[in-house]
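With UniProt numbering, letter number 308 in the sequence shown gets 308, and the count goes up by one each step, no holes. Notes for the one structure printed next.
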Amino acid sequence: MSTESPDELPGRETRRLGSLRLRLTLALPLLNVLAVAAFEWSLGGDAPTPEGLARLAWLVLLLSAAQLLLVELWMLRPLRRLAAGCEAMESVPMPLTTDGEGAAPRLAVELDRIGHAMQRARDSLWQQEQAARELQRELTEQRQQLDQAQATLEANRRELASLERVDTLTGIANQRVFDEALRREFKRAQRQRGLLALAVLDLDQFRQFNETHGREAGDAALQRVAALLSTRFKRDTDLVARLGGEEFVALLPGFGMAEAQGVLESLREELRALRLPDGSSEQPLTVSIGLAAASPAHPYLSAQALLQAADEALYIAKHAGRDRLSLAA
């Protein structure tokens, strides 16, 4: 049986509320730190920087302050009002008189006062329950919004990663992918003493083509050329990419100069046969090609040296009249 006096009960309730406030003040920031850290980790971010840690600290601080304010408004304040009501009820003296005529009315008044106090307590508890449900509903909505935002960020990240490796106009690889593949295949050819052919292709008079037929016809021609390259070079090891503008490249592991020359001459004839734009009777769109090939008999010091040799061969093809294939020395 409790030995606390009635005067000690309000103070005990106040201490309990203070203890609850202290526990919430300590627990909410810790939970927010764990939630924010889990969210950042799910995004697959890099190692945290001082600026990133400072930003996370401010975010945790703001979230904790907002949550503590909500708890203070919707939970602790109603509890304080309830405790105050109980204190007021308990502080009302209960007369213990036994005189016949005055006892019954005073007892009825005290019972009525107790009933009103209990009704106020029930009302306060109901309001507290409603506030808790509202808080739970808002937290659920925030969690759903957070999950939706995370899903959107992940979709955007995948789309961005795809765009970083694909030319948006033609759908073939971009220069970043080509640079990685060139370094990789060059090292493999050196290690295995194998063959590696590299062709740089540039459409002839393409600026004049755009001025004559329009930008849309030029974009369509670039797409047709990319499709032709993808059809002609379709081995798993082949790579075709657009370097930018009207310049393309074909990386052909296992091909020597002679094999690559035959395929590229056929491709040049096929492009002329397309008679771009769309079977026009005018001078068709043509291509100039520079070809270089690394082999044990004709090695190159680096992948960049191989690419430079192909570029120089393309320069010769352009200045020799265009619409031709030039071989690196």
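Don't be surprised by glycine CBs; every beta carbon is placed ideally from N, CA and C. Being a predicted model, the structure only gives us computed values, none of them experimental.
Could you compute how far the alpha carbon of I316 sits from the alpha carbon of L264? Here the question's residue 316 lines up with position 316 in the sequence shown. Here the question's residue 264 lines up with position 264 in the sequence shown. Straight-line Cα distance between these residues: approximately 16 Å.
Please state the DSSP three-state secondary structure of L96. In the sequence shown, the residue the question calls residue 96 occupies position 96. Here L96 scores only 47 on pLDDT, less than 50, and its place in the model is too uncertain to base an answer on.
Jot down the residue ranges of each uninterrupted alpha helix (DSSP H) in the UniProt domain "GGDEF" (194 to 329), minimum 4 residues, whole runs only, in chain order. 206 to 213, 215 to 232, 257 to 274 and 303 to 319
Just grab the DSSP bridge partners of residue 375 for me. Any question about residue 375 goes unanswered here, given that the chain covers just 1 to 329.
Out of curiosity, what's the CA-to-CA distance linking A258 and P299? Your numbering for residue 258 matches position 258 in the sequence shown. Your numbering for residue 299 matches position 299 in the sequence shown. Rounded to the nearest angstrom, the two C-alpha atoms are 16 Å apart.
What's the C-alpha gap between D323 and K187? Mapped onto the sequence shown, residue 323 falls at position 323. Mapped onto the sequence shown, residue 187 falls at position 187. The alpha-carbon atoms of D323 and K187 are separated by roughly 32 Å.
Taking the alpha-carbon of L63 as reference, which of A328, V33 and V200 has the nearest alpha-carbon? What you label residue 63 is simply residue 63 of the sequence shown in a count that begins at 1. Minimum Cα distance to L63 is reached at V33.
Count the other C-beta atoms from every protein chain shown that fall within 10 angstroms of the C-beta of V240, then say buried if there are 16 or more, exposed otherwise. Here residue 240 corresponds to residue number 240 of the sequence shown, with the count starting at 1. Buried: at least 16 other Cβ atoms inside 10 Å.
Give me the Cα-Cα distance between A310 and V200, rounded to the nearest whole angstrom. By one-based count along the sequence shown, residue 310 stands at place 310. By one-based count along the sequence shown, residue 200 stands at place 200. About 6 Å.
Rounded C-beta distance between P253 and A149? I'm assuming under 8 Å. Position 253 of the sequence shown, counting from 1, holds the residue named residue 253. Position 149 of the sequence shown, counting from 1, holds the residue named residue 149. Their Cβ separation, rounded to whole angstroms, is 43 Å, which puts P253 and A149 out of contact at 8 Å.
R235: which of R224, A226 and L251 sits nearest, CA to CA? Translated into the one-based positions of the sequence shown, residue 235 becomes position 235. Among R224, A226 and L251, the Cα nearest to that of R235 is on L251.
So, do the segment 170 to 180 and the segment 290 to 298 have three or more beta carbon pairs nearer to each other than 8 Å? no
Rounding to the nearest angstrom, what Cα-Cα distance links R272 and T286 in this structure? Within the sequence shown, the letter at position 272 stands for residue 272. Within the sequence shown, the letter at position 286 stands for residue 286. Their Cα atoms are separated by approximately 6 Å.
For the candidate residues D238, A197 and G245, whose alpha-carbon lies nearest to that of F255? Locating residue 255 in the sequence shown gives position 255, where the first residue counts as 1. Checking every option, the nearest Cα to that of F255 belongs to A197.
Which residues in the same chain have their Cβ closer than 8 Å to the Cβ of L182, if we skip the five residues on either side of it in sequence? The sequence position of residue 182 within the sequence shown is 182, counting from 1. Answer for L182: L198, L251, A303, L306 and L307, listed in chain order.
Select from L70, L61, A27 and E164 the residue whose C-alpha is nearest the C-alpha of E180. As a first step, residue 180 must be located in the sequence shown, where it is residue number 180. Closest option to E180, Cα to Cα, is E164.
Is the separation between the beta-carbon of A226 and that of G171 shorter than 8 Å? Counting from one through the sequence shown, the residue named residue 226 turns up at place 226. Counting from one through the sequence shown, the residue named residue 171 turns up at place 171. For A226 and G171, yes; Cβs fall inside 8 Å.
Considering Cα atoms alone, identify which of L228, L26, H319 and R215 is closest to G245. To locate residue 245, count along the sequence shown from 1; it is residue 245. That would be R215, whose Cα lies nearest to the Cα of G245.
Considering Cα atoms alone, identify which of R275, R55 and L59 is closest to P29. Locating residue 29 in the sequence shown gives position 29, where the first residue counts as 1. Comparing Cα-Cα distances from P29 to each of R275, R55 and L59, the minimum goes to L59.
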